[in-house]
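First up is the structure itself, then whatever we jot down about it.
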Amino acid sequence: MKEILGNLWVKRCVSVFSAAYFAVITLLTYATFLYKLEFAEGMTGSFLVIYASASIFFLVLMIYTRDIFLTRLMSVLMMPVAFMLILLNMYNWALIVPPFLVALVMFFAAGTRENVKVILGTIFLLMYVLGIVAYFVLNMLIAGSSVETVIDLSLDPAGSVYQLYSGQMKRISDVTDEANTYSPDGAYRFYITDLQDSDKGAVKIYVVPANQDIQLKYFTLKQKGIRKTITKNGTRGIVPPNVGWIVETDENTGENFLAVMYQLTDEELPKSMRIRSLPAKNYFEFLGIS
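FYI, the numbering for the sequence shown is 6 to 295, going by this note's numbering.
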């Protein structure tokens with residue numbers, strides 16, 4: 006057994022196999038650059054158990070093959086990949102902690118020369134510290150102190166936003182029901198947000214693509230960076246009483262268009278906005294750029 010485990014080609018094969026973990030984490034990082042990852046209800050714990058177990062398993066394999074070139078290469082590349090995963094999924098600890106710990110342990114455990122570790126370690130330390138500081142500074146400068154919260158039945162009862170709308174849950178249930186928010190052709194959906202800022206705040210309505218999400222067992226990858234603002238003039242604390250989809254006909258061409266009809270208060274007259282297309286994708290939404 007000792008001879009088999011010490012065989013160079015066995016270690017090389019195990020190193021190639023352990024590259025699957027690096028590939029999955031890289032793919033997950035790229036996916037969360039394009040999509041927003043949302044765990045399915047009640048699935049976070051199950052995902053974390055499997056995710057952490059797989060991370061420990063592959064960490065053991067990589068430690069076993071730490072002197073193999075491929076493993077040493079992965080130990081270096083995992084650090085910037087984990088860095089990007091952190092930036093793209095800030096505060097999503099279940100997603101970012103296991104691969105970050107694997108990357109950190111492997112960087113020090115790999116058989117890379119000490120002088121290379123010192124140089125790269127300094128670079129990575131600066132990258133993490135300065136990168137995360139820059140992330141928070143950019144978000145503060147661009148987004149300011151404003152906080153935007155989606156208004157639906159999943160509002161946290163312990164939060165201040167829930168207290169603001171707690172007396173309107175029946176209206177929220179009716180307006181945000183999937184049968185109401187999705188367009189007749191299933192291509193779009195709208196959602197409503199509460200904006201808390203340094204002024205009086207607002208209620209906003211957005212339209213986003215609805216047929217570009219990727220639904221998996223433990224989570225859904227929701228398209229992000231593509232949204233059209235229908236209105237940003239709603240009064241904070243008042244859920245729009247009437248929001249839905251209608252079909253409007255162009256008087257000149259006779260062509261039919263999907264439109265969002267909305268009424269911000271009981272006193273206002275309904276308005277509408279046609280949805281001909283959505284804006285181009287914003288790839289830097291994670292930095293607070295809208």
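No residue lacks a Cβ here, since even glycine has one placed at the ideal position from N, Cα and C.
{"Item": "Environment of K205 [buried if 16+ CB atoms lie within 10 Å]", "Value": "exposed"}
{"Item": "Local Cβ density within 10 Å of V21, reported as buried at 16 or more and exposed below that", "Value": "exposed"}
{"Item": "Which residues DSSP lists as bridging D199, in chain order", "Value": "T154 and V208"}
{"Item": "Extent of the continuous beta strand (DSSP E) to which I91 belongs", "Value": "Careful: I91 lies outside any beta strand (DSSP E), inside the alpha helix (DSSP H) at F74 to L93."}
{"Item": "Segment contact flag, the stretch 214-232 with the stretch 38-55, C-beta cutoff 8 Å, min 3 pairs", "Value": "yes"}
{"Item": "Inter-residue CB distance, L66 and V19 (contact presumed, cutoff 8 Å)", "Value": "6 Å"}
{"Item": "Complete runs of the alpha helix (DSSP H) confined to the stretch 91-132 [at least 4 residues]", "Value": "98-114"}
{"Item": "Run of the beta strand (DSSP E) containing K276, from where it starts to where it stops", "Value": "K276 to R279"}
{"Item": "Counterpart residues of R194 in DSSP-defined beta bridges", "Value": "Y187 and V213"}
{"Item": "Contact check, V86 vs T127, beta carbons under 7 Å", "Value": "no"}
{"Item": "Residues that V248 bridges to, as DSSP identifies them", "Value": "Y267"}
{"Item": "Coil, strand or helix - L283 by DSSP", "Value": "coil"}
{"Item": "Y56 versus G50 - alpha carbon distance", "Value": "10 Å"}
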